[in-house]
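Line order of the protein sequences matches chains A and B.
Quick note: the first sequence, position 26, residue 380 per the working numbering, numbers continuous.
Quick note: the second sequence, position 275, residue 302 per the working numbering, numbers continuous.
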Amino acid sequence: MQDETLLDILKKRGVSRRAFLKFCAAATSLMALPPTMASAVAEALAKAKRPSVIWLSFQECTGCTESLTRSFSPTLESLIFDAISLDYHETLQAAAGTAAEAARETAMKENWGKYLLLVDGSVSTRGGGYYSTVAGKTNLETLKEAAAGAAAVVCIGTCSSFGGIPYAKPNPTGAVPVSDIVKDKPVIHVPGCPPIPAVITGVLVQYLTFGTIPDLDELGRPRSYYGDTIHDRCYRRPYYDQGKFAKSFDDEGARNGWCLFELGCKGPTTHNVCATTKWNQGTSFPIQSGHGCLGCSEPNFWDNGSFYQALSTPIDSVAAAAATAAVVGVAAGVGVGIANHHAKAKAKAEHETVTVNDLEK
Amino acid sequence: MSASLQKGIKAFREVMDAPIASFFSSCVHCGICSEACLFFTETREPKYTPIHKLEPLRRLWRQEYTLFGRLGRMLGLSKPVSDDELEQWSTLVYDSCTLCGRCSLACPVGNDITYMVRKMREGMAASGHAPEGVIGATKRTVALGSPMGVKLGALQAQIRAQEAETGLTIPIDVQGADYMAILSSMEIINFPEYLGSLARIFHKAGVSWTLSSEAFEATNSGIQIGVSDIAREIVQRVVDAAEKLGVKYVISPECGHAFTAIRWEGPNLIGRSYKFQVIHILELLDQLRSEGRLKTRGKESKPLTFHDPCQIVRRGGVVAQPRRLLGEVASDFRDMKDHGTINWCCGGGGGVSANDRAEELRLKAFKRKKSQLDEVGVHTMVTACANCRIVLEEGLEHYNMNINVVGLTELVADHLEE
């Protein structure tokens, strides 16, 4: 079974060649590669051997796994996912207890240095990390151990990428993102709460086809998926440009499908592909169903003020700071003004008439 | 013999006013002013960027008039303005700036850089960094009444010559005349035909006018060197003479900075408004034309162009009048590409033509005018400033260009209806 290629597996599952090529073309365009690369992707992908993947779940809600696996009908994405050798996944694996842990240890030993480590959930660090343990081991310990033999770490979801909800104030468990712990391996962030399934598989496809990790932005996200903002690609963008905004969720503007900026849409600052790839087999995405973007794939999205507050308004009350600044500013202005008037008046009072005899030294 | 850094710094402090403070604080360092300055465009040397010419003044403002600047100075983060530095800046402030005002016009945030250079010269002069040539001109103006050392005797000789030439009387010291004309000494020495032209035009138009034996000099070296005390004294001479004769108007001649001095700076310098009005000769001629009192006959058929004197056109606002007058006397008038308020300076205004050490740079800067003239392709250039005229003639000669320069008043007089 280990020698089966991806194409063999997909054929067994009844996926037609046409469906496979369609998927490759879609993945190619999502990866921002030229269309001519589609055949190369298909060829490489067809021949790809099943890589070992270990999936660790820490302080998370299993939403990321749900996103990937629980679709209406099995998608090609989920099949691709089946086609990797998922050697450890607490939710999906059949084994339990010591057998499960043994499977992880065996997989790690056999594929040391080659396996992909997928992580969802943030890592508790307070008091050594005892807020979240599996099989008596803290997540912190397990992560360090598993990361040591990984080829690369893929952070699935906002929690493992940026800390997510466990990391939100007041962060009782001392949660941190994976990148705070793993410093010596490539760490790819696939944020989103949850991330779009096509983006997760897209990253895996790139690894399978080219054996490389994608080009990452300054926040460690693949540029091909997180290069543009939701706002840049939003179908309601023309309304923003025309200044047509919905002022409440049931007004004329909302019914006309105008821009939701004033209702708190975080689209302008959120980098993701929701507006183009969409959710549920391309059915819709939040803005299309009439609600603003929450910005779930951005760092600190839970602490960035209300979801219903326009981006242009301050998150915290600025009254005190503004009043202090105004008082200090006025005082400094008056002070400097008086000093300047004094300096100038003094210079004027001391003016000695310049005559033609005073032009040379 | 008593100029000192101390005095210069004091003068800087004294000229600092709300406009300068707001100009310095609103400068966005875009550098657009550089492309507006012919000393930069013809040399491509960054030091000739107009706003950079004010650097010592700007630093003093920051160090003494702003909170952070003061803190910076206390912590030794910015050096105080030194004598050596001002010496270095002398060439930038005097040699490479004609106060033409093009940079002020180009500035996207509306900073009047020219205004600031004029003010900065106060400190430069008080600290002994004015150029020798300009100091000499100023001394002659104060001692003898004219930067070129022209005395009343010379004027009287020219009056006699022009009276013989035109057959008309040139009135002098006529009490109660309507207009008092003043002259630039260049006109008296180099272009006396201006005086004869005035006599002929005013005779035809029936204008009651006079010269004054007490104040015939219109130029003002005090403005150019940047010493308000001296500029005030020179303006005061004209004001006293005009008010003594009881004239209604003083006619500013074909001289750029003379117009700036008497028309714009004068009342501020002496601290009160005049009992007469100042009118530029081109404004007066255009007014006579519109009243039908100035009738001309025949038109120049050869193609000609007009060099806009910066102080009269861009900074003085006399833009349409010269063109209307030219329309009366020329049938093939062609404007240069950049003309009117965005004209290019001759390169010798603002005291540069009196400054010997600036000659090489001035001739280099003249390449701008040369290329403008090459483009328009005419052999006659009309202007309305005696200083422009001299500088243009020198430049044309230097570059072996066959172009004739004439004064507009003269051209109009040549076409008077007999």
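We put the CB at the ideal spot given by N, CA and C, even for glycine.
Check                                                                                                                                                                                             : Outcome
Give me the Cα-Cα distance between Cys124(B) and Leu311(B), rounded to the nearest whole angstrom.                                                                                                : 30 Å
My assumption, with CB atoms under 8 Å, is that Leu250(B) sits in contact with Ala288(B). Please give the rounded CB distance.                                                                    : This sequence places Ile at residue 250(B); Leu is not what is there. Rounded, the Cβ-Cβ distance is 5 Å, consistent with contact.
Could you name the residues of the same chain whose beta carbon sits closer than 6 Å to that of Thr141(B), not counting the 5 residues immediately before and after it, in chain order?           : Leu126, Gly128 and Ser131
If you measure from the beta carbon of Gly298(B) to each beta carbon in chain C, is any gap under 7 Å?                                                                                            : Checking the listed chains, one finds no chain C in this structure; the protein chains it contains are A and B.
Return yes when the Cβ of Ser533(A) is within less than 7 Å of the Cβ of Gly475(A), no when it is not.                                                                                            : no
Determine, using beta carbons only, whether Leu410(A) and Val473(A) come nearer to each other than 7 Å.                                                                                           : yes
Using alpha carbons as the reference points, say which of Pro540(A), Gly517(A), Glu414(A) and Asn525(A) lies closest to Ala502(A).                                                                : Pro540(A)
Counting only the same chain and skipping the five closest in sequence on each side, list residues whose C-beta sits under 8 Å from that of Cys415(B).                                            : Gly283, His334, Pro336, Cys373, Gly375 and Gly376
Could I get the ranges of all uninterrupted beta strand (DSSP E) runs contained in the stretch 372-429 of chain B, with 3 residues as the minimum, in chain order?                                : 407-410
Against chain A, does Gly160(B) count as a neighbour if the rule is that its beta carbon must be under 7 Å from one of theirs?                                                                    : no
For Ile228(B), count neighbouring C-beta atoms within 10 Å of its own C-beta (all shown protein chains included) and say buried if the count is 16 or more, exposed if not.                       : buried
If you measure from the beta carbon of Leu497(A) to each beta carbon in chain B, is any gap under 7 Å?                                                                                            : no
If we define contact as Cβ-Cβ less than 7 Å, is Asp569(A) a contact residue for chain B?                                                                                                          : no
Tyr579(A): which of Glu499(A), Lys366(A) and Ala386(A) sits nearest, CA to CA?                                                                                                                    : Ala386(A)
Assuming Val108(B) contacts Met151(B) (C-beta within less than 8 Å), just tell me the rounded distance between them.                                                                              : Going by Cβ atoms, the distance from Val108(B) to Met151(B) rounds to 11 Å, so no, they are not a contact pair.
Apart from the five residues on each side of it in sequence, which residues of its chain come closer than 7 Å, Cβ to Cβ, to Tyr485(A)?                                                            : Ser478 and Thr527
Taking only beta carbons into account, state which residues of the stretch 88-110 of chain B come closer than 8 Å to chain A, listed in chain order.                                              : Glu91, Tyr92, Thr93 and Leu94
Looking at chain A, is there any beta carbon in it that lies within less than 7 Å of the beta carbon of Ser267(B)?                                                                                : A small correction: the amino acid at residue 267(B) is Asp; Ser does not occupy that position in the sequence shown. Chain A, which has no Cβ nearer than 7 Å to the Cβ of Asp267(B), makes this no.
Taking the alpha carbon of Ala269(B) as the reference point, which residue from Ser240(B), Trp291(B) and Leu309(B) has its own alpha carbon closest?                                              : Ser240(B)
Spatial neighbours of Gly581(A) within its chain, please: CB distance less than 8 Å, with the 5 preceding and 5 following residues excluded, ordered by chain position.                           : Ala386, Asp571 and His625
Which residues in chain A have a C-beta closer than 8 Å to the C-beta of Ala152(B)? List them in chain order.                                                                                     : Val708 and Leu713
For Pro46(B), name the three-state secondary structure that DSSP assigns.                                                                                                                         : helix
Which bits of chain A does Met147(B) rub up against, with CB to CB less than 8 Å?                                                                                                                 : Near Met147(B) there are no residues of chain A at all, since even the closest Cβ is about 15 Å away, more than 8 Å.
Counting only C-beta atoms, is Val760(A) closer than 7 Å to chain B at any point?                                                                                                                 : For chain A, the structure presents residues 355 to 715; residue 760(A) sits outside this window and is missing.
Pop quiz: Val627(A) and Val553(A) are said to be a contact at Cβ under 8 Å. What is the actual Cβ separation, rounded to whole angstroms?                                                         : 6 Å
Starting from the C-beta of Val114(B), find all residues in its chain whose C-beta is less than 8 Å away, skip the five residues before and the five after it, and write them out in chain order. : Rather than Val, the amino acid found at residue 114(B) in this sequence is Glu. Excluding positions up to five away in sequence, the list reads His156.
Alpha carbon to alpha carbon, how far is Cys619(A) from Ile339(B)?                                                                                                                                : 58 Å
Flag Pro701(A) as yes if its beta-carbon sits less than 7 Å from any beta-carbon of chain B, otherwise no.                                                                                        : This sequence places Ala at residue 701(A); Pro is not what is there. Ala701(A) counts as touching chain B.
With a threshold of 7 Å between beta-carbons, can Val544(A) be considered close to chain B, or not?                                                                                               : no
Do Pro280(B) and Leu210(B) have their CB atoms nearer than 7 Å?                                                                                                                                   : yes
DSSP three-state label for Lys463(A), please.                                                                                                                                                     : helix
Between the beta-carbon of Thr193(B) and the beta-carbon of Gly223(B), is there less than 7 Å?                                                                                                    : yes
From Thr410(B), Met408(B), Ile430(B) and Ser398(B), pick the residue whose C-alpha is nearest to that of Glu69(B); which is it?                                                                   : Ser398(B)
Check each candidate in Asp595(A), Lys698(A), Asp441(A) and Gly636(A) and name the one with the smallest Cα separation from Pro622(A).                                                            : Asp595(A)
What residue does the beta strand (DSSP E) around Gly434(B) start on, and which one ends it?                                                                                                      : Asn431 to Gly434
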